[in-house]
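Residue numbers (this note's numbering): 876 to 981.
Quick reminder that beta carbons are idealized off the backbone N, C-alpha and C, glycines included.
Quantities reported herein were computed from a predicted structural model and do not represent experimental measurements.
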Amino acid sequence: MPDCTLECLSPQKKQEIVKNDCHVIFDTLLFISQSSSPMNTIAAGTNLTMKYNTCKSFFFNSDSISTEYCRLIWADKLQLMTSTCHSRGAKCVGPSGTWFLEYEHS
876 MPDCTLECLS PQKKQEIVKN DCHVIFDTLL FISQSSSPMN TIAAGTNLTM KYNTCKSFFF
936 NSDSISTEYC RLIWADKLQL MTSTCHSRGA KCVGPSGTWF LEYEHS
């Protein structure tokens, strides 16, 4: 999974995202990477969602073929997005535009 272009979002809801809730998702991605495998494959057109309290993060593969991604990179990008965009939510789009990561209020 190469680098992605970060964009802070306008909040869809008036409630703020609690950064610690996103950190639970971050920790979960790290745990799965260590206990299973850091790499995973996501099918074409699939949206993989992780949610905890006020935070929802997802990886969307809009490509016509399956793609392999790294949970550790997802975790790193989630941490980058939450520290840069705080409680507003963010989207990180891959260079080809065929996948993106996002976090928002759940």
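Identity of the residue in 961, 957, 958, 975 nearest residue 945 by Cα
Residue 945 sits at position 70 when you count from the first residue of the sequence shown. Checked all of 961, 957, 958, 975; the closest Cα to residue 945 is 975.
Within its chain, find whatever has a CB closer than 7 Å to the CB of residue 926; leave out the 5 residues flanking it on each side and keep chain order.
As a working mapping, residue 926 is identified with position 51 in the sequence shown. Contacts found: 981.
Closest by CA to residue 905, which one among 954, 972, 885?
For the purposes of this step, residue 905 is taken as the residue at position 30 of the sequence shown. It is 954 whose Cα lies nearest to the Cα of residue 905.
Anyone know if the C-beta pair for residue 897 and residue 969 falls short of 8 Å?
Taking the first residue of the sequence shown as position 1, residue 897 is located at position 22. Taking the first residue of the sequence shown as position 1, residue 969 is located at position 94. Cβ distance not < 8 Å, so residue 897 and residue 969 don't count as in contact.
Pairwise C-alpha distance: residue 901 and residue 909:
Within the sequence shown, residue 909 is the residue found at index 34, counting from 1. Within the sequence shown, residue 901 is the residue found at index 26, counting from 1. In a straight line, the C-alpha of residue 909 is about 13 Å away from that of residue 901.
Look at the Cβ atom of residue 907, then the Cβ atom of residue 941, and state whether they are nearer than 8 Å.
In the sequence shown, residue 907 corresponds to position 32, counting from 1. In the sequence shown, residue 941 corresponds to position 66, counting from 1. The answer is no: Cβ separation not under 8 Å.
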